[in-house]
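One structure is given here, and the rest of the page talks about it.
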Amino acid sequence: MKITFLGHASLQIEINDINILVDPFITGNPKASHIDIDGLKADYILVTHAHQDHILDVEAIAKRTNAVVVSNFEIVSHFEKLNVEGHPMNHGGSWNFEFGKVKYVNAIHTSSFPDGTYGGQPGGFVIEGEHKNIYIAGDTALTFDMKLIPLQTKLDLAILPIGDNFTMGIDDAILASDFVKCDKILGYHFDTFGYIEIDHDAAKRAFFEKDKDLMLLEIGDNIEL
Ligand code: NI
Ligand code: MN
1251 MKITFLGHAS LQIEINDINI LVDPFITGNP KASHIDIDGL KADYILVTHA HQDHILDVEA
1311 IAKRTNAVVV SNFEIVSHFE KLNVEGHPMN HGGSWNFEFG KVKYVNAIHT SSFPDGTYGG
1371 QPGGFVIEGE HKNIYIAGDT ALTFDMKLIP LQTKLDLAIL PIGDNFTMGI DDAILASDFV
1431 KCDKILGYHF DTFGYIEIDH DAAKRAFFEK DKDLMLLEIG DNIEL
């Protein structure tokens, strides 16, 4: 499994030869101006919630690649009206895709579309694929629901928001990694705009002091699990 950070909460995940994009927000992110969305491969696009900083490039990429949008029922319905194929899910539900099993799990946040219409309830994803399991938290507060995840899935990586203000900050993300029983963390949802700027060294040190490994990737860089 290869995970590429595309800035903000945008990820590209390759499992075998399947390409999965998560929350593509690239053309609206000045820090990601070196990423060309027309060069991105996508078989599936996972969307955690309907906020602009998570859906901005979904339609353009899906129409070019014929990718299937996987999200909650309301978000998938929204994109189906735009002639984008979708696979609707809802909280607590799992589905076996060709790349692995995906579960849509709870997040504490909001989920309106940019025009204010209802975007369902926000979520995150647990992906069990190719002997490696990951948790993509989405935009969320720390929540006890995270403790349910390791009852069923032994995680190899937890992808957690760490930018604070709109989501968990560092201290709560450290507790979240305890809750999901995974000490290997990829941080996301930081630095994109002023409210969520973080001190990278201080963040890494805070995790290190709890015997945890926080990875922060440059935009375009990847890790292999
Ligand atoms: Ni959000
Ligand atoms: Mn967000």
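When you read off a place in the sequence shown, starting at 1, and then add 1250, the result is the number in our numbering. Quick reminder that beta carbons are idealized off the backbone N, C-alpha and C, glycines included. These figures come from a predicted structure and were not determined experimentally.
Proximity test, residue i beta-carbon vs ligand 1 heavy atom, cut-off 8 Å
i: Pro1372; result: yes
i: Asp1428; result: no
i: Ser1260; result: no
i: His1328; result: no
i: Thr1360; result: yes
i: Asp1389; result: yes
i: His1299; result: yes
Buried/exposed call for residue i, threshold 16 Cβ in 10 Å
i: Thr1360; result: exposed
i: Lys1460; result: exposed
i: Ala1259; result: buried
i: Tyr1445; result: exposed
i: Phe1375; result: buried
i: Leu1405; result: buried
i: His1299; result: buried
i: Gly1370; result: buried
i: Phe1329; result: buried
i: Asp1303; result: buried
i: Asn1383; result: buried
i: His1381; result: exposed
i: Thr1417; result: buried
Beta-carbon proximity of residue i to residue j, cut-off 9 Å
i: Ile1270; j: Leu1296; result: yes
i: Gly1373; j: His1341; result: yes
i: Ile1253; j: Leu1407; result: yes
i: Glu1378; j: Gly1343; result: no
i: Leu1425; j: Leu1392; result: yes
i: Thr1277; j: Ala1312; result: no
i: Asp1414; j: Phe1255; result: no
i: Gly1419; j: Met1465; result: no
i: Ile1412; j: Thr1390; result: no
i: Gln1262; j: Ala1292; result: yes
i: Asp1395; j: Val1352; result: no
i: Met1251; j: Glu1474; result: yes
i: Val1320; j: Val1334; result: no
i: Phe1363; j: Met1339; result: no
i: Asp1433; j: Asp1463; result: yes
Closest Cα partner of residue i within the set the options
i: His1439; options: Ile1268, Lys1252, Ile1265, Pro1274; result: Pro1274
i: Phe1443; options: Lys1252, Ile1253, Met1251, Gly1257; result: Gly1257
i: Ile1435; options: Arg1455, Leu1290, His1299; result: Arg1455
i: Ser1427; options: Thr1417, Leu1410, Ser1344; result: Leu1410
i: Tyr1385; options: Asp1422, Gly1370, Phe1429, Asp1414; result: Phe1429
i: Asp1421; options: Asn1279, Phe1457, Arg1314; result: Phe1457
i: Gly1289; options: Thr1315, Asn1279, Ile1448; result: Thr1315
i: Tyr1294; options: Ile1268, Ser1283, Thr1417, Met1465; result: Ile1268
i: Gln1402; options: Lys1431, Gly1388, Ala1387; result: Lys1431
i: Ala1317; options: Val1272, Asp1451, Ala1452; result: Val1272
Closer than 8 Å: residue i CB and nearest ligand 2 heavy atom
i: Thr1417; result: yes
i: Asp1303; result: yes
i: Asp1288; result: no
i: Asp1414; result: no
i: His1337; result: no
i: His1284; result: no
i: His1439; result: yes
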